[in-house]
Amino acid sequence: MPSWQVTPESQFIWHSWNNEHLLYNNASGSTHLLGEAEAVLLQSLQKAPQTIPQLEKGLSELFEAVPSEEATKWLQNTLFQFKSLGLATIEN
Amino acid sequence: MRLGELDASILKRQLRTEGISLQTGPFITQISTQAPDLIESLHTLYSDALICEYAEFSDFHISVDRPPGLRRWLQPQIDFYFDGTAPFNPFPAGQALPLFEWGLNWAISQHAHQYLIIHAAVIEKEGHAVIMPAPPGSGKSTLCAGLVHNGWRLLSDELTLLDLHNGQATPLARPVGLKNDSIEVIRRFAPQATLSPITVDTHKGAVALMKPPADSVEKSDQPAQPAWVIFPKYIAGAAATLTPHSKAKACIALGDNAFNYSIHGVNGFNLLTNMLDQCDCYDFSYSNLSDAVSIFSQLEPPA
Chain S
2 MPSWQVTPES
12 QFIWHSWNNE
22 HLLYNNASGS
32 THLLGEAEAV
42 LLQSLQKAPQ
52 TIPQLEKGLS
62 ELFEAVPSEE
72 ATKWLQNTLF
82 QFKSLGLATI
92 EN
Chain V
385 MRLGELDASI
395 LKRQLRTEGI
405 SLQTGPFITQ
415 ISTQAPDLIE
425 SLHTLYSDAL
435 ICEYAEFSDF
445 HISVDRPPGL
455 RRWLQPQIDF
465 YFDGTAPFNP
475 FPAGQALPLF
485 EWGLNWAISQ
495 HAHQYLIIHA
505 AVIEKEGHAV
515 IMPAPPGSGK
525 STLCAGLVHN
535 GWRLLSDELT
545 LLDLHNGQAT
555 PLARPVGLKN
565 DSIEVIRRFA
575 PQATLSPITV
585 DTHKGAVALM
595 KPPADSVEKS
605 DQPAQPAWVI
615 FPKYIAGAAA
625 TLTPHSKAKA
635 CIALGDNAFN
645 YSIHGVNGFN
655 LLTNMLDQCD
665 CYDFSYSNLS
675 DAVSIFSQLE
685 PPA
């Protein structure tokens, strides 16, 4: 199963206020505004490449949530959004 | 010597020949022009600005003059020249003053990359600055003009210059651009304000420039630490109301409103985030200037 990772050449600088997170990507020069869940997801990818089931398990534990079809769909959509923004890639 | 101390005939001769070097905020601008209406307006609006009589260096070399050829007589036009080149299409001849002001804004925003430059008004009181980014039509300049005649110091109406080393706002006290209905609003609200003649039919409508208060020009060497970022919006009939605004969204908005955020890269990001750590952020809707002044007078700096 393919795993997701942060874009190898990217360098992230984070700044947070309450549940809002700003991310500056040194590779693209872009600044992104992320919500709490999106920031946690990207930060977990920064630690190590992970498959979707691994990410689901980690996020469920962190947020004390039961895995659901809706959560999986959110996860997939968010990962592909990260990909379109140059923040994450799929590693085969 | 301040420009207002110069005899009008001498100023006219100098502007028509070698030009004058004028200190506006941190910049020295060499200006020359043949346009009589611009000469008169410069004498009025910049009377408190320092003339750099022996300047060996000028940041900007600007002239505003009629283009050569038949155009001098047929539908006369006026050109803005920056370092001898004309970056814009000519304007109708009667629009020399707004062309000069907009051209100088352009010159600063495109070249002064020692600052992070944000399209925003900035005013100060007791060492604390308010940055007010807003799109055209939001009432930013009207609010700014009203406030600087009621206890606030003008740092700039258009260009907030943030020092990359310490995040302070650098003063650039130049005339405040007023458009359409705002002209009469300020005439009534601040009768002591000095306004230029109205230029009609510009691409922004009717335009007048308000002379910056003398005290603001004299304190051009005193930067101020931003304490608030306020997004003003004129809404007809609205009560003057401050509503908290997310710092993260304020940061994105400031980056979007900056002319050179991408040039500064991570330094620009760090500057804005560190500055916002020390600021309170609000949306501000208003319709009445007196009420707006009252609300601003109650602002408490962040703890």
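Protein chains in written order, with the working numbering: chain S, 2 to 93; chain V, 385 to 687. For each residue, glycine too, the CB sits at the ideal point set by N, CA and C.
Query, Result
"Should residue 595 (chain V) be labelled buried (16 or more other beta-carbon atoms within 10 Å of its own) or exposed?", "buried"
"Where does residue 506 (chain V) land, buried or exposed, given buried means 16+ other C-beta within 10 angstroms?", "buried"
"Comparing alpha-carbon positions, which option in V:543, V:435, V:429 lies nearest residue 414 (chain V)?", "V:435"
"With respect to the alpha helix (DSSP H) encompassing residue 59 (chain S), which residues constitute its N-terminal and C-terminal limits?", "53-64"
"Measure from the alpha carbon of residue 444 (chain V) to the alpha carbon of each residue in V:670, V:393, V:465, then state which is nearest.", "V:465"
"Shortest alpha-carbon distance to residue 552 (chain V) belongs to which of V:526, V:577, V:508, V:402?", "V:508"
"In angstroms with no decimal places, state the Cα-to-Cα distance between residue 663 (chain V) and residue 461 (chain V).", "46 Å"
"Which stretch, first to last residue, makes up the alpha helix (DSSP H) that contains residue 654 (chain V)?", "645-661"
"Alpha carbon to alpha carbon, how far is residue 656 (chain V) from residue 409 (chain V)?", "22 Å"
"Which one of V:637, V:448, V:636 has the shortest CA to CA distance from residue 482 (chain V)?", "V:448"
"Using a Cβ cut-off of 9 Å, pull out every chain S residue sitting near residue 502 (chain V), in sequence order please.", "Per Cβ cutoff of 9 Å: no residues; residue 502 (chain V) is ~14 Å from chain S at best."
"Taking C-beta pairs closer than 7 Å, name the residues in chain V that residue 32 (chain S) reaches, listed in chain order.", "636, 639, 653"
"Nearest-angstrom Cα distance between residue 399 (chain V) and residue 416 (chain V)?", "5 Å"
"Got a sec: is the Cβ-Cβ distance from residue 93 (chain S) to anything in chain V below 7 Å?", "no"
"How big is the Cα-Cα spacing for residue 69 (chain S) and residue 659 (chain V)?", "41 Å"
"Flag residue 650 (chain V) as yes if its beta-carbon sits less than 7 Å from any beta-carbon of chain S, otherwise no.", "yes"
"Can you give me, in chain order, the residues of the segment 12-26 of chain S that have a beta carbon less than 9 Å from any beta carbon in chain V?", "12, 14, 16, 17, 18, 19, 21, 22, 23, 25"
"Closer than 7 Å, CB to CB, is residue 586 (chain V) near chain S or not?", "no"
"Does the ligand GTP have even one heavy atom less than 6 Å from the beta-carbon of residue 513 (chain V)?", "Annotation note on the ligand GTP: not contained in the displayed structure, which lists no ligands."
"Please determine, among S:14, S:19, S:39, the residue with the shortest C-alpha to C-alpha distance to residue 27 (chain S).", "S:14"
"I need the DSSP call for residue 561 (chain V), collapsed to helix, strand or coil.", "strand"
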